[in-house]
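Asks: Handing you a structure now.
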């Protein structure tokens, strides 16, 4: 038996499914938020049409909760410091910010797993 | 768990960082309760979006507790850029040392590993990943 892991809650970062989960949630909430802010709110203000805000707002609201859980789990895998984790989680409520966070975290994932530089590692990760 | 044994419980829970976390949590939880109450009122007033936020604020409260826990227990040395360097040098928990030891072990030991890898493709992939990681790190240095 190997030595005991140095920290509790150590995840294997090299899990492409975790990356995929996070990216799907990040893009979905980001797109819904952009629709909500740039379509729903103008319709509400200038056309008094509440329909888009109600439907898209509710969808974004509940998906954001899922995003919180998935994004948090992913930042733990990547050992993101807690201050940055808060920013990543809040980025789901500011238009376009979730996409920026997704880019940064994906790059960090690549750096951590070595997938960006080393083809041998990349092929090992494909399993 | 094992490394916190070196730090006494008191040092863990009463460090500057931990005390700040306690204070933040004590402010945060009632804040979430008030916000939830406020949104339930809005929802009952007929705005259906209020229900979303009535669910969300308790979730924020739960996240507050989770963050509080990690603020107390996280070792900053294992997080962020420093954590990244450490993760690369030690190539992850447990299994890394098993893989590293196979280079100098007896033939039947490596045969046993090969069998295990043949049975478990995920293990084989992980070991290949660890070997590649160890290889790509030029100046790797064990943490004392």
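Residue numbers (our numbering), protein chains in the order written: chain A, 159 to 285; chain B, 19 to 162. Note that beta-carbon positions come from the ideal geometry of N, C-alpha and C, so glycine has one too.
#1: Scan the stretch 194-226 of chain A for residues whose Cβ lies nearer than 8 angstroms to a Cβ of chain B and list them as they occur along the chain.
#2: In the structure shown, what three-state DSSP assignment does residue 253 of chain A receive?
#3: Please report the straight-line C-alpha distance between residue 183 of chain A and residue 48 of chain B, rounded to a whole angstrom.
#4: For the alpha helix (DSSP H) containing residue 230 of chain A, name the first residue and the last one.
#5: What would DSSP say about residue 206 of chain A, mapped onto helix, strand or coil?
#6: Ignore the nearest five residues each way along the sequence and tell me which others in residue 259 of chain A's own chain have a CB closer than 6 angstroms to its CB.
#7: Flag residue 230 of chain A as yes if its beta-carbon sits less than 9 angstroms from any beta-carbon of chain B, otherwise no.
#8: May I ask which residues mark the beginning and end of the alpha helix (DSSP H) holding residue 187 of chain A?
#9: Does the beta carbon of residue 41 of chain B come closer than 9 angstroms to any beta carbon on chain A?
#10: Put residue 95 of chain B into one of helix, strand or coil per three-state DSSP.
#11: Taking all protein chains shown into account, do 16 or more other C-beta atoms lie within 10 angstroms of the C-beta of residue 138 of chain B, making it buried, or fewer, making it exposed?
#12: Quick one, which residues of the stretch 239-268 of chain A are near chain B if we go by CB-CB under 7 angstroms, in chain order?
#13: If we ignore side chains and look at the alpha-carbon of each, how far apart do residue 268 of chain A and residue 98 of chain B end up?
#14: Where does the unbroken alpha helix (DSSP H) through residue 27 of chain B begin, and where does it stop?
#15: Looking only at its own chain, which residues have a Cβ that is under 8 angstroms from the Cβ of residue 210 of chain A, when we skip the five neighbours before and after it?
#16: Out of B:54, B:135, B:132, B:147, state which residue places its alpha-carbon closest to the alpha-carbon of residue 77 of chain B.
Replies: With the given structure in hand:
#1: 211, 212, 215, 216, 219, 220, 222, 223, 226
#2: coil
#3: Each residue's alpha carbon lies about 29 angstroms from the other.
#4: For residue 230 of chain A, the uninterrupted alpha helix (DSSP H) run begins and ends at 209-235, by DSSP.
#5: coil
#6: 246, 249
#7: Residue-level contact check: residue 230 of chain A touches chain B, since one or more beta carbons of chain B fall below 9 angstroms from its beta carbon.
#8: 174-193
#9: no
#10: helix
#11: exposed
#12: 239, 240
#13: 14 angstroms
#14: 27-31
#15: 193, 194, 197, 198, 201, 202
#16: B:54
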